[in-house]
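I have placed the structure first, in the form of C-alpha cells, so that the comments after it can refer back to it.
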Amino acid sequence: MTERYARLTGWGRYVPEKRLTNVDLEKMVETSDEWITQRTGIKERRIRGEKDTNTSMAVAAGQEALKVAGISAQDLDFIIVCTSSPDYLLPSAGSLVQDALGADCGAVQVTAGCSGWVYGAVMADALIRAGVHNAILVIGVEIVSYGIDYTDRKTCVLFGDAAAATVFQASDQPSGILASELGSDGAKAQALWVPGGGSAWPISPEVVEQRQHYIQMDGPEVFKFASRVVGSSLKRTIAQAGLLPEDIDLFIPHQANARIIEAGARFMRQPIEKFYMNLQYYGNTSAASVPLALVEAIEEGRLKDGCKVAMVAFGAGLTWGSVVIQMGVGEVSPAHVLFSAGRARYLAKRARETVLDTAQAAWCPFIPGLIRGGVPSAVRFALKILIKHLCAT
Ligand code: UT7
2 MTERYARLTG WGRYVPEKRL TNVDLEKMVE TSDEWITQRT GIKERRIRGE KDTNTSMAVA
62 AGQEALKVAG ISAQDLDFII VCTSSPDYLL PSAGSLVQDA LGADCGAVQV TAGCSGWVYG
122 AVMADALIRA GVHNAILVIG VEIVSYGIDY TDRKTCVLFG DAAAATVFQA SDQPSGILAS
182 ELGSDGAKAQ ALWVPGGGSA WPISPEVVEQ RQHYIQMDGP EVFKFASRVV GSSLKRTIAQ
242 AGLLPEDIDL FIPHQANARI IEAGARFMRQ PIEKFYMNLQ YYGNTSAASV PLALVEAIEE
302 GRLKDGCKVA MVAFGAGLTW GSVVIQMGVG EVSPAHVLFS AGRARYLAKR ARETVLDTAQ
362 AAWCPFIPGL IRGGVPSAVR FALKILIKHL CAT
C-alpha cells in the first residue's frame, strides 16, 4: 500500500481592524509601552469589532484557505475548529462553522489552549494518513479579548483576537506533516485557567464579583514551562522527521513572548532570523497564533515549495505541540533510507548534535554552580546534569 501524506494546500487568515496599542493600555492599567515592549516584544494587538464572532472570523479565514486550495466547502470531508473562545458552550464551534461555510461533513471543536491548531493539524494528519478522510479544514480562531480582565495588567497586555485556517489534502508523495509531538501536563492546569463559569463552579454573582470568569495566569510559571518546552519539543520532532535543526528553513513558534522565542533559538543553536515573529502586531492570539504566523510567512514569500518549516506551540493545560511541515512536495529523508550514504551522513551529524546538546546541558549549570560553591561544586553539579542528560538521550 502506498503511504499517504497530509499535504498543506490552502491557507488564509482574518484579523479584526480594531487595534489596541501599548499606548492605549497605558491609559487603562498601570503599565508602559517600555515595559510591554521589553518584557514581551508586543506593540499592539487586534480586538474584535462589533460584527466579529468566533464563527464569522473562522469562516472568513476558512473561505480564503479554500480559495487557495482551489476547492469548495462541499469538497471537505471534515472540519476541525481549534478554539478556547467559542460563540457558545453548546453546540461546538465546528458545527457552526460547517453550517456557515455550507459544508456537508463532520465537524468538531478542539480545545487545547494556545496549542489548539497544532493539535488539530496532527489530528487531521492522522485522519488523512489512515485513509478516513481526503480533505480537512483546520482553523485556529480566538476572541481572547472576551475572557480578559482589562483591569489585570498581568494578562491584558498579552492577548489579541484573530483567525487563521489551513487545508490539508491527501497526497501519495512526502509532503505536509512529516513528524509531530503532542504533550500535556495537567498538573500545572492552574498556571493558566478560567476558574469560574464551568460546571465545577457555575457562573453566579459571586464568580463575577470575584472576576473568576476571566483568564488567570501565573506568568513566570508559564514562562519557565514554555522556555523549556519550545526548544526540547522542536528538537525531538525534527529528529523524528529524520532532519537536523540546520535543515529547517523557518521556525514558527507560538507568538507569546519574544524572550521565550529567543531562548528557544539559543537552545536550538539556530540564528534568531530563522524564527518568524509577528507578535509585535498581534500579541498572543492563542490557537490562531501559529497558523496566523504560518500564513503571513507564506504571504511574505518566506516559505516556498520545498521548504521545511518547524512549528511549536504551548499554552493552557498546560499543553504543547510541535510539527514539521514540508511545503509542496519533498522526498523521503535520507535518514529513513536504511544502508544509504545519506543515512550515514545524517547519523554522523546527529551524533555531533548530541555531543553539543550534552555539552550545552552541562555548561548551563556550571556557571550557577561556580557562583554558589566554587569549582568543585560547579564540576559536581555539571557532572550530575551531564549523566542525567546522557541517560535521557
Ligand atoms: O500562550 C501562553 C500564554 N502565556 C504566556 O505565554 C505567558 C508567559 N509568561 C510571560 O510572558 C511573562 O511571565 C510575562 C510577560 C507575563 C511577565 O513578565 P515577567 O518578566 O515574568 O514579569 P513578572 O510577572 O515576574 O513581574 C515582574 C514585575 C512585577 O512587579 P514587582 O512585583 O516586581 O514589583 C509585576 O507586578 O512586573 C510587574 N508587571 C508589570 N508591570 C508593568 C507585571 N505585568 C506588568 C505590566 N506592566 N503589564
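According to my numbering, the sequence shown is numbered sequentially starting from 2. Backbone N, C-alpha and C fix where the C-beta goes; we use that ideal spot for every residue, glycine too.
Whole angstroms is fine: what's the gap from residue i's alpha carbon to residue j's?
i                : j                 : result
isoleucine 178   : arginine 351      : 21 Å
glycine 95       : threonine 22      : 31 Å
isoleucine 386   : threonine 32      : 39 Å
serine 86        : valine 195        : 11 Å
glycine 50       : alanine 163       : 11 Å
valine 338       : cysteine 83       : 35 Å
valine 209       : asparagine 55     : 23 Å
alanine 314      : glycine 121       : 12 Å
alanine 190      : glutamine 256     : 20 Å
arginine 237     : isoleucine 48     : 35 Å
valine 145       : alanine 136       : 28 Å
isoleucine 43    : phenylalanine 340 : 49 Å
methionine 328   : tryptophan 118    : 17 Å
tyrosine 282     : threonine 41      : 12 Å
isoleucine 216   : asparagine 258    : 17 Å
alanine 227      : alanine 317       : 11 Å
aspartate 100    : lysine 19         : 27 Å
glycine 241      : threonine 355     : Reading the sequence as shown, one finds glutamine at residue 241 and not glycine. Distance between the alpha carbons of glutamine 241 and threonine 355 is about 14 Å.
tyrosine 147     : alanine 360       : 46 Å
serine 172       : isoleucine 129    : 9 Å
proline 175      : asparagine 285    : 32 Å
alanine 345      : arginine 353      : 13 Å
alanine 7        : isoleucine 81     : 14 Å
cysteine 167     : isoleucine 253    : It is threonine, not cysteine, that sits at residue 167 in the sequence shown. Whole-angstrom Cα-Cα distance: 15 Å.
threonine 38     : tryptophan 202    : 36 Å
aspartate 219    : isoleucine 72     : 43 Å
phenylalanine 79 : lysine 305        : 26 Å
lysine 396       : proline 272       : Residue numbering for the chain in the displayed model covers 2 to 394; residue 396 lies beyond these limits and cannot be assessed.
glutamate 35     : isoleucine 299    : 31 Å
valine 325       : serine 205        : 44 Å
glutamine 170    : glutamate 332     : 17 Å
With DSSP as the reference, label residue i as helix, strand or coil.
i                 : result
valine 109        : strand
isoleucine 129    : helix
serine 185        : strand
proline 292       : helix
methionine 278    : coil
lysine 309        : strand
isoleucine 261    : helix
methionine 269    : helix
threonine 10      : strand
serine 323        : strand
leucine 159       : coil
phenylalanine 226 : helix
tyrosine 120      : helix
asparagine 135    : coil
proline 17        : coil
valine 82         : strand
glutamine 213     : coil
valine 338        : coil
valine 168        : strand
I'd like to confirm the pairing. Which residues does DSSP put opposite residue i in its beta bridges?
i              : result
glutamate 45   : Thr22
tyrosine 347   : Partner(s): none; tyrosine 347 has no beta bridge.
methionine 218 : Leu193
valine 330     : Ser176
glutamate 143  : Ala163
isoleucine 253 : Met312
asparagine 285 : Phe160
Using 8 Å as the cut-off, classify the Cβ of residue i as near or not near the heavy atoms of the ligand FMN, replying yes or no.
i             : result
tryptophan 36 : Looking at this structure, you won't find the ligand FMN anywhere; what it does contain is the ligand UT7.
Does the beta carbon of residue i sit closer than 9 Å to a beta carbon anywhere in chain C?
i           : result
glycine 284 : Among the protein chains of the structure shown there is no chain C, as only one such chain exists.
Three or more C-beta pairs closer than 8 Å, one from the segment 315-329 and one from the segment 170-188: is that the case here?
-> yes
Could you tell me whether the segment 10-20 touches the segment 231-251, using the rule of 3 or more Cβ pairs below 8 Å?
-> no
Report yes or no: do the segment 328-345 and the segment 236-252 share at least 3 C-beta pairs separated by less than 8 Å?
-> yes
Taking contact to mean at least 3 C-beta pairs separated by less than 8 Å, is the segment 298-316 in contact with the segment 125-139?
-> no
Are there three or more Cβ pairs, one per stretch, closer than 8 Å when the segment 96-116 is compared with the segment 274-292?
-> yes
Looking at C-beta atoms only, is the number of pairs between the segment 24-38 and the segment 153-163 that lie closer than 8 Å three or more?
-> yes
Counting pairs of Cβ atoms below 8 Å between the segment 56-76 and the segment 266-282, do you hit three or more?
-> no
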